[in-house]
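**Q** Residue 82 in the numbering used here is what sits at position 64 of the sequence shown, and the numbering runs on without skipping anything.
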Amino acid sequence: MLMTIDVGNTNITVGIFDKQKLVGNFRLTTGMTRTSDEFGTAIGEILRYNDIEKQDISDAIIASVVPKIMHSLTSGIIKYFEVHPILVEPGVRTGVKIITENPRQIGADRIVNAAGALGLYGGPAIVIDYGTATTYDLVSAEGAYVSGVIAPGIRTSAEALWSKTAKLPEIEIRKPEHILAKETISSMQAGLVYGQIGQTEYIVKHMIAESGYEDIKVVATGGLGNLISKETDCINIYDPELTLQGLRLIYEKEMKNRGADR
Ligand SMILES: Nc1ncnc2c1ncn2[C@@H]1O[C@H](COP(=O)(O)OP(=O)(O)OP(=O)(O)O)[C@@H](O)[C@H]1O
Ligand SMILES: CC(C)(CO)[C@@H](O)C(=O)NCCC(=O)O
Ligand SMILES: [K+]
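What follows is the structure, encoded as C-alpha cells:
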C-alpha cells in the first residue's frame, strides 16, 4: 500500500491507499516537535490501531510546506517503514506545468491540489483549499498552474480575533442561525463564516473574469471547505480527499517516469 503524507502548517495528514482507493486517513498535529523515532512510532501506532501493519506499506510520498520538520519525518519513515519516500519538490514530474514568475516558490500542497483537480476533474479549474491559509489556485485548460491567491484561513482569522482582543472568547467555527446576531459568539461566527463565504464568491468571480474562461470547475477541499461549500453555488465540488489523491496521482506518474528513464 502507498502512504501519502501532506504536511501542512496545522496538520500532518496521512493517507493510506490500496490502489486508487483511500482506505485510511489520519491526522497528526504539526506544531509538536517530534524526533524521527516519535514520527515513526506515532504513525506506526495509528496504522496498527486501524489494522494496517507497517509491512503493508510499500511506498511513500510526501508534500510539505513546513521545511523544519522534514528531516525527522523522512528519517522516521525510512527507519520504521523501510521505504524511501518521494518528496514533491522541483524535479518531480507532477504533470502540472507551472507558468508563474517563480515556480519554486509555490507551496507543494498547491501543486498537489492542482494535480489532483486535473487528474480527477480536468481543467480549467479553480482549486480552493481551506487550510491554515485559504488558497485559490487557477489551473488552465491545458493543465498549467497559472496563478493563485493566498488569504488567511478561517481558523487563522478566528485565532487572530480572540488572541488580539481582551473580551472576545475562543469559539467554535460554525454558521450562526442568523446573520443579525444578538450576542458576541454568534456575532463572531457570522463575521467569520459569512466573511469567508463572501470572500470565496468575490475572489472566484474575479478570478474567472480575469481568466476569460466561461466554463470552469471550482473544486474545494480542506476541513472547513465542507461548511463553505454548502453555503455557496460558486463551488461545484467539495472533495476532502483532493490533496491525498493528488499525491497518489503524482506518485503514479513519477514511478512511471522512473521506469521509462531506466
Ligand atoms: N469542524 C471544524 N471546526 C472548527 N475548526 C475546524 C474544523 N475542521 C477543521 N478545522 C480547522 O480548520 C483549519 C483547516 O482545516 P484542515 O484540516 O483542512 O486544514 P489543515 O490540514 O489543518 O491545514 P494545513 O493543511 O494548512 O495544515 C484547521 O486549523 C483545523 O483545525
Ligand atoms: C500558502 C500555504 C501556507 C498554504 O498551505 C503554502 O502553500 C505555502 O507556504 N506556500 C508558499 C508560498 C506560495 O505558495 O506562493
Ligand atoms: K494538512
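Glycine included, every Cβ here is placed at the ideal spot set by N, Cα and C.
Within the continuous beta strand (DSSP E) that includes G42, where are the two ends?
**A** Where G42 is concerned, the enclosing beta strand (DSSP E) stretches over K39 to T47.
**Q** Taking 8 Å as the threshold (C-beta atoms), are G230 and A133 in contact?
**A** no
**Q** Does ligand 2 have a heavy atom nearer than 7 Å to the CB of T22?
**A** No, since every heavy atom of ligand 2 falls outside the 7 Å radius drawn around the Cβ of T22.
**Q** Count the C-beta pairs between the stretch 264 to 274 and the stretch 110 to 118 that are closer than 8 Å, then say yes if the count reaches three, no if not.
**A** yes
**Q** May I ask you to report which of helix, strand or coil DSSP gives A159?
**A** coil
**Q** Which of the three DSSP states is assigned to T92 in this structure?
**A** helix
**Q** What's the C-alpha gap between F99 and G33?
**A** CA-to-CA, the gap between F99 and G33 works out to about 15 Å.
**Q** Cβ of A133 less than 8 Å from any chain C Cβ?
**A** Although the question refers to chain C, the structure presented lacks it and comprises just one protein chain.
**Q** With H, G and I counted as helix, E and B as strand and the rest as coil, what does DSSP make of M273?
**A** helix
**Q** Can you name the start and end residues of the alpha helix (DSSP H) that L242 belongs to?
**A** Note, L242: premise wrong, no alpha helix (DSSP H); not H, not E.
**Q** Apply the 10 Å Cβ neighbour rule to R122 and answer buried if 16 or more other Cβ atoms are within range, or exposed otherwise.
**A** exposed
**Q** Are the stretch 242 to 262 and the stretch 133 to 143 touching, with three or more C-beta to C-beta distances below 8 Å?
**A** yes
**Q** When the Cα of D55 is compared with those of G42, H89 and V25, which residue comes out closest?
**A** For the residues G42, H89 and V25, the minimum Cα distance to D55 belongs to H89.
**Q** Is it right to say L198 is buried, meaning 16 or more other beta carbons lie within 10 angstroms of its own, or is it exposed?
**A** exposed
**Q** Is it true that the CB of I79 sits closer than 8 Å to the CB of I253?
**A** no
**Q** Is there at least one non-hydrogen atom of ligand 2 closer than 7 Å to the beta-carbon of I124?
**A** For ligand 2, at least one heavy atom lies less than 7 Å from the Cβ of I124.
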